[in-house]
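Novice:
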Amino acid sequence: MFGMKLGRGPRPLRIAYGRLFHEANARSPVLTERADFDRMHHLAGDELARACGLRGTELKSFMPHAELTGFRQAARLAGNVETVPLTSALAVPGGPLSRACWNEMTGELLDALRDAGRLDGVYLALHGSMEVEGLDEAPEAWLLREVRRVVGSKVKIAVSYDLHANLSSGLVDPVDVLVAYRTNPHWDLAPTGFRAGNRLIRALRGEITPVHAWRKLPMVLGGGNTIDFLEPMRGVFRAMRAMEKDPRVVSASLFMVHPYTTAEHLGWAVHVCTNGDAALANELVDGFTDRVWEQRKSRLPPMLSVDEGLVAARKVRREGLGLGRLGPAIFVDVDDIVGAGAPGGNTRIATAFLAKARDLVAFVPVHDPALVAELWSAREGSRHDVVLRGTPGYHMPPLALDVTVSARSTGDFGRMVRLDVRHAEGGALHLVVTDGPPLPIHPSFWRAVGLDARAADVIVQKNFFHYRLFYATTAFSHFPVATGGATSFDQVIHARGIVPTEPATSLLDWREADPILRRPKRARTPMGSASPSSA
Ligand SMILES: [Zn+2]
Numbered sequence: 027m028f029g030m031k032l033g034r035g036p037r038p039l040r041i042a043y044g045r046l047f048h049e050a051n052a053r054s055p056v057l058t059e060r061a062d063f064d065r066m067h068h069l070a071g072d073e074l075a076r077a078c079g080l081r082g083t084e085l086k087s088f089m090p091h092a093e094l095t096g097f098r099q100a101a102r103l104a105g106n107v108e109t110v111p112l113t114s115a116l117a118v119p120g121g122p123l124s125r126a127c128w129n130e131m132t133g134e135l136l137d138a139l140r141d142a143g144r145l146d147g148v149y150l151a152l153h154g155s156m157e158v159e160g161l162d163e164a165p166e167a168w169l170l171r172e173v174r175r176v177v178g179s180k181v182k183i184a185v186s187y188d189l190h191a192n193l194s195s196g197l198v199d200p201v202d203v204l205v206a207y208r209t210n211p212h213w214d215l216a217p218t219g220f221r222a223g224n225r226l227i228r229a230l231r232g233e234i235t236p237v238h239a240w241r242k243l244p245m246v247l248g249g250g251n252t253i254d255f256l257e258p259m260r261g262v263f264r265a266m267r268a269m270e271k272d273p274r275v276v277s278a279s280l281f282m283v284h285p286y287t288t289a290e291h292l293g294w295a296v297h298v299c300t301n302g303d304a305a306l307a308n309e310l311v312d313g314f315t316d317r318v319w320e321q322r323k324s325r326l327p328p329m330l331s332v333d334e335g336l337v338a339a340r341k342v343r344r345e346g347l348g349l350g351r352l353g354p355a356i357f358v359d360v361d362d363i364v365g366a367g368a369p370g371g372n373t374r375i376a377t378a379f380l381a382k383a384r385d386l387v388a389f390v391p392v393h394d395p396a397l398v399a400e401l402w403s404a405r406e407g408s409r410h411d412v413v414l415r416g417t418p419g420y421h422m423p424p425l426a427l428d429v430t431v432s433a434r435s436t437g438d439f440g441r442m443v444r445l446d447v448r449h450a451e452g453g454a455l456h457l458v459v460t461d462g463p464p465l466p467i468h469p470s471f472w473r474a475v476g477l478d479a480r481a482a483d484v485i486v487q488k489n490f491f492h493y494r495l496f497y498a499t500t501a502f503s504h505f506p507v508a509t510g511g512a513t514s515f516d517q518v519i520h521a522r523g524i525v526p527t528e529p530a531t532s533l534l535d536w537r538e539a540d541p542i543l544r545r546p547k548r549a550r551t552p553m554g555s556a557s558p559s560s561a
């Protein structure tokens with residue numbers, strides 16, 4: 027158009043990049059604070075640029091190369107692209123961000139953007155299911171609006187989302203390039219950033235003209251098991267990857283929403299972007315949405331009550347004794363999944379073990395910072411009458427216990443104290459109470475307090491799937507146990523949105539709900555008064 031394409035001649039393309047990433051659980055009483063980002067990942071400027079080089083470590087102790095490294099790699103391969111680091115912050119899933127934390131984090135990002143000088147593009151790695159204390163709209167929508175305000179209408183914006191994003195118009199409309207993870211659990215962070223960068227650069231050079239079409243499905247849970255490489259979702263993910271191989275298609279994304287939010291416009295979503303062909307984008311998105319919609323009837327794995335779980339655990343132990351030991355049964359505490367932002371302070375499973383399973387050896391992690399503080403300086407081997415209350419504000423039933431303080435440790439979850447209750451019937455309850463939400467994904471969690479995972483009859487887990495990688499040679503029997511908590515499917519299914527949703531309501535078609543779910547929502551609390559940009 028100008029005779030010389032940007033970034034091809036002497037003047038390089040200038041693209042800024044950054045991240046603000048958090049998966050919120052609106053039902054957790056534990057707000058996410060700036061310290062939670064500082065502890066996990068919070069970098070800016072040159073430090074961020076170094077971390078996102080091929081020799082750097084982008085997300086320490088988690089993933090060496092993630093979205094921003096992938097983006098930088100796309101820029102390097104494209105040639106003549108200057109990348110400008112902004113700020114990048116990520117915290118583990120938890121309760122909504124406090125307002126102060128949100129104002130600080132977005133303030134830093136937007137200040138860096140204002141200081142970035144002339145830009146042709148911006149790339150942001152976002153989640154798409156954030157929540158902020160007292161903010162009545164998708165935080166990412168607010169942020170993208172502010173970013174657009176800072177850079178103006180001519181600069182192109184690329185965004186990558188987690189596939190658990192709750193897509194809404196505020197997350198789609200301000201964006202020129204939109205991609206998402208295509209694996210669950212997510213290992214493709216770097217390839218996702220690469221795709222975002224590659225498409226943004228091609229759009230800036232006029233090689234492609236991204237045209238978007240997207241749909242929302244009135245469906246909050248579905249797909250049974252949502253692991254991308256297992257049935258029933260394997261075929262769906264394969265079809266999506268095949269679609270993106272079509273040279274006319276810029277990107278294709280499926281969003282299996284993170285449902286533990288306050289969003290009314292909640293539902294799965296499909297997004298397709300083509301090179302300048304709106305009719306094709308609409309045709310492809312409708313066809314793929316039909317394919318995804320078929321998954322609404324695939325059954326979720328059966329949830330057990332604690333009593334049913336105990337029956338199953340005893341069966342595992344009986345059969346294990348006959349065949350040589352089969353290893354512990356795993357109870358996945360599906361209503362208190364720390365990996366999905368729950369606080370981990372469920373006391374109900376511990377209560378059941380104490381009352382009904384004195385023959386079993388059980389390892390149970392419980393978030394209870396008050397009890398940790400009470401017993402932190404107690405002598406090892408000393409006995410105490412205590413009350414286990416779980417997470418403050420989580421309203422779990424208190425459990426009175428006569429415990430022996432057996433070990434203590436400090437690590438990723440703050441201080442941890444091991445409390446033992448030994449039963450005359452041969453079993454024992456080994457409670458590990460923690461300062462922070464506990465995630466015993468790795469058996470080293472138990473080793474830190476002198477416990478061997480193989481010695482347990484039952485181990486309680488706080489994530490859906492990831493732990494299986496690390497217990498692959500230890501545990502072979504996995505039971506989802508439901509008790510009521512921040513990640514309760516029951517509450518999700520019966521939450522009231524703006525339209526009836528599967529699976530609570532049986533629906534024939536997604537087409538009636540789609541335009542309602544995609545309609546822009548007007549914020550009831552304008553952010554202007556509290557926003558950093560208007561300060
Ligand atoms: Zn996710």
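In the numbering used here, the protein residues as written are 27 to 561. Virtual Cβ for every residue (Gly too), placed ideally from N, Cα, C.
If we call anything under 8 angstroms between Cβ atoms a contact, is L170 one with G196?
Specialist: Yes, they are a contact pair.
Novice: If the criterion is Cβ atoms closer than 8 angstroms, does the pair V447 and L427 meet it?
Specialist: Cβ atoms of V447 and L427: closer than 8 angstroms.
Novice: Contact defined as beta carbons within less than 8 angstroms: I believe F379 pairs with I485. What is the distance between those atoms, to the nearest angstrom?
Specialist: Rounded, the Cβ-Cβ distance is 12 angstroms, inconsistent with contact.
Novice: Just mark F88 as buried or exposed, buried being the case when its beta carbon has 16 or more other beta carbons within 10 Å.
Specialist: F88 should be labelled exposed.
Novice: May I have all residues whose beta carbon comes closer than 5 angstroms to any heavy atom of ligand 1, sorted in chain order?
Specialist: Cβ-based neighbours of ligand 1 within the cut-off: D188 and H190.
Novice: Out of D385, P200 and Y187, which has the shortest C-alpha to C-alpha gap to A454?
Specialist: Measuring from the Cα of A454, the nearest candidate turns out to be D385.
Novice: Between which residues of its own chain and E134 is the CB-CB distance below 6 angstroms, once the five residues before and five after are set aside?
Specialist: Contacts found: T113.
Novice: Which first and last residues belong to the alpha helix (DSSP H) in which W168 is found?
Specialist: P165 to V177 is the span of the alpha helix (DSSP H), which, as asked, contains W168.
Novice: What did DSSP end up calling R409 once you bin it into helix, strand or coil?
Specialist: Reduced to three states, the DSSP call for R409 is strand.
Novice: Count the other C-beta atoms from every protein chain shown that fall within 10 angstroms of the C-beta of V413, then say buried if there are 16 or more, exposed otherwise.
Specialist: Exposed.
Novice: So what does W319 bridge to, in DSSP terms?
Specialist: In DSSP, W319 forms no bridge with anything.
Novice: How many angstroms separate the CA atom of H48 from the CA atom of A115?
Specialist: Going from the Cα of H48 to the Cα of A115 covers about 9 angstroms.
Novice: Taking 8 angstroms as the CB-CB limit, is W294 close to chain D?
Specialist: Absent here is chain D; the protein component of the structure consists of one chain.
Novice: Can you pull the DSSP bridge partners for K182?
Specialist: K182 pairs with G147.
Novice: The beta strand (DSSP E) that contains V198, what's its start and end?
Specialist: Per DSSP, V198 belongs to no beta strand (DSSP E); it is in the alpha helix (DSSP H), S195 to V198.
Novice: How should A561 be labelled, buried or exposed, when 16 other C-beta atoms within 10 angstroms of its C-beta is the threshold for buried?
Specialist: Legend: pLDDT at A561 = 32, less than 50; position of this residue unreliable, no value from coordinates given.
Novice: Can you give the Cα-Cα distance for R40 and W240, rounded to whole angstroms?
Specialist: If you take the alpha carbons of R40 and W240, they lie about 29 angstroms apart.
Novice: Within this structure, are the beta carbons of S235 and R274 separated by less than 8 angstroms?
Specialist: Reading the sequence as shown, one finds Thr at residue 235 and not Ser. The answer is no: Cβ separation not under 8 angstroms.
Novice: Restricting to Cα atoms, I'd like to know which of K242, G371, R325 and R322 is closest to W294.
Specialist: Answer by Cα proximity: K242.
Novice: At what residues does the beta strand (DSSP E) containing L445 begin and finish?
Specialist: Counting along the chain, the beta strand (DSSP E) containing L445 begins and ends at G440 to R448.
Novice: In angstroms with no decimal places, state the Cα-to-Cα distance between Y420 and W319.
Specialist: Cα to Cα, Y420 sits roughly 35 angstroms from W319.
Novice: Would you kindly work out how many angstroms separate the C-alpha atoms of A366 and A70, rounded to a whole number?
Specialist: Cα-Cα distance, rounded: 27 angstroms.
Novice: Sorted by chain position, which residues of the same chain lie with C-beta nearer than 6 angstroms to H238's C-beta, five sequence neighbours on each side aside?
Specialist: Correct list, in chain order: C299.
Novice: So, do the segment 164-178 and the segment 205-218 have three or more beta carbon pairs nearer to each other than 8 angstroms?
Specialist: Contact between the segment 164-178 and the segment 205-218 is absent, because fewer than three Cβ pairs lie under 8 angstroms.
Novice: Can you have a look at G232 and say buried or exposed, based on whether 16 or more other CB atoms are within 10 angstroms of its CB?
Specialist: That one is exposed.
Novice: Would you mind giving the Cβ-Cβ distance between L123 and V158, rounded to the nearest angstrom? I have them listed as a contact below 8 angstroms.
Specialist: Rounded, the Cβ-Cβ distance is 5 angstroms, consistent with contact.
Novice: Return helix, strand or coil for P285, following the three-state DSSP convention.
Specialist: Reduced to three states, the DSSP call for P285 is coil.
Novice: Quick check on the DSSP output: the beta strand (DSSP E) that includes L112 runs from which residue to which?
Specialist: First-last of the beta strand (DSSP E) with L112: V107 to L116.
Novice: Measuring CB to CB, does F502 end up less than 8 angstroms from L352?
Specialist: Cβ atoms of F502 and L352: closer than 8 angstroms.
Novice: Out of H67, Y207 and A368, which has the shortest C-alpha to C-alpha gap to H393?
Specialist: Among H67, Y207 and A368, the Cα nearest to that of H393 is on A368.
Novice: Determine the burial state of G313: buried for a count of at least 16 other Cβ atoms within 10 Å of its Cβ, exposed for fewer.
Specialist: Label assigned to G313: exposed.
Novice: Strictly by DSSP, which residues pair up with K242?
Specialist: K242 pairs with A295.
Novice: Helix, strand or coil for R434 per DSSP?
Specialist: DSSP places R434 in strand when its eight states are reduced to three.
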